[in-house]
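First up is the structure itself, then whatever we jot down about it.
Residue numbers (the working numbering): 5 to 81.
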């Protein structure tokens, strides 16, 4: 979200209004306090449970597992 906000600030300075149209759209929503509402509408916060149940969303422990293995091995390769 921070990346989008910073990008939107920069695009406000850009005289060519057709550049970064979707960033401008989301930045305008951010400034009006409606960004989270739009994210929920587009991304489907209300659909999370169903997406999780159907396996589209899941907890990825790959990085955690890697570092836990390194920790238990004493950091050696």
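From the three backbone atoms N, C-alpha and C, an ideal C-beta is built for every residue, glycine too.
Original post:
Whose C-beta lies closer than 7 Å to the C-beta of residue 2 among residues of the same chain, with five residues either side of it excluded?
Top reply: This structure does not reach residue 2, given that the chain is present from 5 up to 81, and the question cannot be answered.
**OP:** Within the same chain, show all residues whose beta-carbon is closer than 7 Å to that of residue 34, passing over the 5 residues directly before and after it, in chain order.
**Re:** 9, 12
**OP:** Taking residue 30 and residue 39 to be in contact with their CB atoms under 8 Å, please state how far apart those CB atoms are, rounded to whole angstroms.
**Re:** 6 Å
Original post:
Secondary structure at residue 38, three-state DSSP: helix, strand or coil?
Top reply: coil
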